[in-house]
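Peer 1: Structure below; questions to follow.
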């Protein structure tokens, strides 16, 4: 899948909205900017949701991220600083929703308490101390609104383009095939559990079936004359190359299977275990997430499962695509991690807070009152 | 259940970061500039937590905790500085400090006049006790 340039449309609409809404003495009507902003969010939603089925997780994700982006835009364009502070609080709350979706309940609570609780209240206090009457230069003017908007959105466009390149690379044939083969391993294992002893070749075939299917399909298409909507010849050749690479990776594992023609249940299980590990390794090597080479993590087991821990030893959640259990263990793991692997950084953080407190007191002191007799 | 690819979260983080950068560059109110800087940190935090989730370990979350710590320190120092700057110029406008610019740079001159102040509605006044309040004719909408 080649990266599409569709994502530029919401970016352009968003840039225009921010440019129109930035405060200036003779402001454009706020309605145009707001409309453009809504159009940008809608376009972004159309571009993104167009490719995905709506699940509860993705629905919540879209709601929270739309809130975060919308209130972020309000924070940037708001004339009244008090309202800007409140928009920032809403940005923080939406981000906390995203944290919850990402299985980080402790961070969500900490962010709400520290940002929405402490920092926003302090900001509002300072706003009250430094209140200005009427429109001021600070609130009603912007520095170089056009240049700032262009800089920000060029940065954003570059980031999103790279993300999309990466994403289209990962949605490839190989990841899909590997997932299918892993699924087949799981179903074959269920058959072994019922202690039906079968032929070794049948096991292999069951696991390798998607690979065989894809290969024959690619071959027929390579030999046939391509119709216009079909993938091009070079695409097919690349696919063929991928399949061959997968086949070689798999052959290395299946060669180690026991030589007997008929397998005992234990042998079959052991073989399937080895197959699964090998498939996971292949997946990690070619698809996402890219795992580091084994054993280079300096963190102890207190910081959660190691990246190189064999997949069957991680306490995995079968409902979440085999990802490790995160929400339930999160605060416990985080606490143990902070006080074992990150003990020195925690102490440094505490020291930094102390220094910041002393510094803030020293800076905010009224010098004039000290010199009074 | 099809899980959401990590790129979606990274994209949201990128958008928050870019919006914060625009606000920091374009706005002139010191307080809003610092709020925008905090929003950039939020974008980074979303990225880190997403990576933590998809790698299945806690490095990203621990790092986010330190980001929050540094943000709290930054807020304390920044607010103290803002108060000091406000006392010196009686304004939160950052362009009043453009005497700190590079020697070859032109100063920014605000040419367009500010819009006139909007008239605020007067605060409501109660009649003193003991006096009879003004009677207004009641209108019925029925």
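Protein chains in written order, with the working numbering: chain A, 184 to 556; chain B, 9 to 150.
Even glycine gets a Cβ: it sits at the ideal position worked out from N, Cα and C.
As the structure is a prediction and not an experimental result, all values here were calculated from the model.
1. What residues in the segment 99 to 115 of chain B bring their beta carbon closer than 9 Å to a beta carbon of chain A?
2. Tell me, which residues are paired with residue 144/B by DSSP?
3. Just to confirm, is the Cβ distance from residue 43/B to residue 276/A under 8 Å?
4. If I measure Cβ to Cβ from residue 476/A and keep anything under 6 Å in the same chain, skipping five residues before and after, which residues do I get?
5. Based on the DSSP output, what are the partners of residue 35/B in its beta bridges?
6. Would you report the Cα separation of residue 479/A and residue 67/B, rounded to the nearest angstrom?
7. In the segment 32 to 52 of chain B, which residues sit with their C-beta less than 9 Å from some C-beta in chain A, listed in chain order?
8. For residue 9/B, which residues of its own chain have a beta-carbon under 8 Å away from its beta-carbon, when the five flanking residues on both sides are left out?
9. From residue 293/A to residue 451/A, what does the alpha carbon distance come to, in whole angstroms?
10. Would the segment 16 to 23 of chain B and the segment 40 to 56 of chain B be scored as touching if the rule is three or more Cβ pairs under 8 Å?
11. If we count the other Cβ atoms within 10 Å of its Cβ and call it buried at 16 or more, is residue 101/B buried or exposed?
12. Sort out for me which residues DSSP pairs residue 101/B with in a bridge.
13. Chain B partners of residue 297/A, CB-CB under 7 Å?
14. For the candidate residues 146/B, 25/B, 89/B and 111/B, whose alpha-carbon lies nearest to that of residue 548/A?
15. Given this structure, state the Cα-to-Cα distance separating residue 279/A from residue 48/B, to the nearest angstrom.
16. Cutting at 6 Å between CB atoms, please list the residues of its own chain near residue 197/A, excluding the five before and the five after it.
17. Please give me, in chain order, every unbroken run of the alpha helix (DSSP H) with length at least 4 that falls completely inside the segment 271 to 346 of chain A.
18. At 7 Å on the CB atoms, spell out the chain B contacts of residue 208/A, in chain order.
19. Suppose the cutoff is 6 Å on Cβ atoms and the five residues either side in sequence are ignored; what does the same chain contact list for residue 290/A look like?
20. Taking the alpha-carbon of residue 214/A as reference, which of 203/A, 419/A and 208/A has the nearest alpha-carbon?
21. Inspect the CB distances between the segment 102 to 109 of chain B and the segment 327 to 337 of chain A and report whether three or more fall short of 8 Å.
22. Is the beta carbon of residue 123/B sitting closer than 8 Å to the one on residue 318/A?
23. Under 8 Å between the Cβ atoms of residue 426/A and residue 404/A?
24. Identify every run of the alpha helix (DSSP H) within the segment 53 to 109 of chain B, keeping only runs that are complete inside it and at least 4 residues long; order them along the chain.
25. Could you work out which residues of chain B lie near residue 278/A, taking near to mean beta carbons separated by less than 8 Å?
26. How many Å lie between residue 303/A and residue 395/A at the Cα?
27. Which residues in the same chain have their Cβ closer than 8 Å to the Cβ of residue 253/A, if we skip the five residues on either side of it in sequence?
28. Are any of the Cβ atoms in chain B nearer than 8 Å to that of residue 271/A?
29. Less than 8 Å between CB atoms is the rule here; does residue 477/A satisfy it with respect to chain B?
30. Looking at chain B, is there any beta carbon in it that lies within less than 8 Å of the beta carbon of residue 422/A?
31. So the alpha helix (DSSP H) residue 219/A belongs to, where does it begin and stop?
32. Which residue wins for smallest C-alpha separation from residue 245/A, given the options 99/B, 114/B, 13/B and 96/B?
33. With DSSP collapsed to three states, give me the class of residue 263/A.
34. I need the DSSP call for residue 112/B, collapsed to helix, strand or coil.
35. Alpha carbon to alpha carbon, how far is residue 229/A from residue 250/A?
Peer 2: The short version:
1. 99, 100, 101, 102, 103 and 104
2. Taking the second chain and counting its residues from 1, one reaches residue 144/B at position 136. In DSSP, residue 144/B forms no bridge with anything.
3. Reading the second chain from its first residue, position 35 is the one you call residue 43/B. Reading the first chain from its first residue, position 93 is the one you call residue 276/A. It is not a contact, given that the beta carbons lie outside the stated cut-off.
4. The count along the first chain starts at 1 and reaches residue 476/A at position 293. A caution first: residue 476/A carries a pLDDT of 38, below 50, which makes its placement in the model unreliable, though a value can still be read off. Here the set comprises nothing.
5. In the second chain, the residue the question calls residue 35/B occupies position 27. The partner list for residue 35/B (beta bridge, DSSP) reads 325/A.
6. Here residue 479/A refers to the residue found at position 296 when the first chain is read from its first residue. Here residue 67/B refers to the residue found at position 59 when the second chain is read from its first residue. With a pLDDT of 47 at residue 479/A, under the threshold of 50, the modelled position of this residue cannot be trusted, and the question is left open.
7. 32, 33, 34, 35, 36, 37, 38, 39, 40, 42, 43, 44, 46, 47, 50 and 51
8. As a first step, residue 9/B must be located in the second chain, where it is residue number 1. The pLDDT assigned to residue 9/B is 31, lower than 50, so where the model puts this residue is not dependable; a value taken from the coordinates is nonetheless given after this. Same-chain partners within the cutoff: there are none.
9. For the purposes of this step, residue 293/A is taken as the residue at position 110 of the first chain. For the purposes of this step, residue 451/A is taken as the residue at position 268 of the first chain. About 49 Å.
10. yes
11. Sequence index remark: in the second chain, residue 101/B carries index 93 (1-based). Classification for residue 101/B: buried.
12. Here residue 101/B refers to the residue found at position 93 of the second chain. Residue 101/B pairs with 37/B.
13. Looking up residue 297/A in the first chain gives position 114. Result: 76 and 80.
14. Here residue 548/A is taken as the residue at index 365 of the first chain, counted from 1. Of 146/B, 25/B, 89/B and 111/B, the residue nearest in Cα terms is 89/B.
15. In the first chain, residue 279/A corresponds to position 96, counting from 1. In the second chain, residue 48/B corresponds to position 40, counting from 1. Rounded to whole angstroms, residue 279/A to residue 48/B spans 15 Å at the Cα level.
16. As a first step, residue 197/A must be located in the first chain, where it is residue number 14. These residues qualify, in order along the chain: 223.
17. 288 to 294, 303 to 312 and 320 to 323
18. Numbered from 1 along the first chain, position 25 holds the residue referred to as residue 208/A. Under the 7 Å cutoff, chain B gives 120, 121, 122 and 123.
19. As a working mapping, residue 290/A is identified with position 107 in the first chain. So the qualifying residues of the chain are 282.
20. Position 31 of the first chain, counting from 1, holds the residue named residue 214/A. If we check each option's Cα against that of residue 214/A, 203/A comes out closest.
21. no
22. Along the second chain, one-based indexing puts residue 123/B at 115. Along the first chain, one-based indexing puts residue 318/A at 135. In this structure, residue 318/A lies closer than 8 Å to residue 123/B by Cβ.
23. For the purposes of this step, residue 426/A is taken as residue 243 along the first chain, with counting starting at 1. For the purposes of this step, residue 404/A is taken as residue 221 along the first chain, with counting starting at 1. Result no, Cβ atoms of residue 426/A and residue 404/A do not sit closer than 8 Å.
24. 67 to 97
25. On the first chain, position 95 is the one that residue 278/A refers to. Within chain B, the residues near residue 278/A are 24, 50, 53 and 54.
26. Within the first chain, residue 303/A is the residue found at index 120, counting from 1. Within the first chain, residue 395/A is the residue found at index 212, counting from 1. Their backbone Cα atoms lie some 60 Å apart in a straight line.
27. Taking the first residue of the first chain as position 1, residue 253/A is located at position 70. These residues qualify, in order along the chain: 220 and 224.
28. Mapped onto the first chain, residue 271/A falls at position 88. Chain B, which has a Cβ nearer than 8 Å to the Cβ of residue 271/A, makes this yes.
29. The count along the first chain starts at 1 and reaches residue 477/A at position 294. Here the model assigns residue 477/A a pLDDT of 40, short of 50, so the residue's position is not dependable, and the following value carries that caveat. Chain B contact via Cβ: absent.
30. Within the first chain, numbered from 1, the residue matching residue 422/A stands at position 239. Chain B contact via Cβ: absent.
31. Residue mapping note: residue 219/A aligns to position 36 of the first chain, counting from 1. Residue 219/A -> alpha helix (DSSP H) spans 213 to 232.
32. Residue mapping note: residue 245/A aligns to position 62 of the first chain, counting from 1. Here the closest residue by C-alpha is 13/B.
33. The count along the first chain starts at 1 and reaches residue 263/A at position 80. It is coil, neither helix nor strand.
34. The sequence position of residue 112/B within the second chain is 104, counting from 1. Coil.
35. Locating residue 229/A in the first chain gives position 46, counting from the first residue. Locating residue 250/A in the first chain gives position 67, counting from the first residue. About 16 Å.
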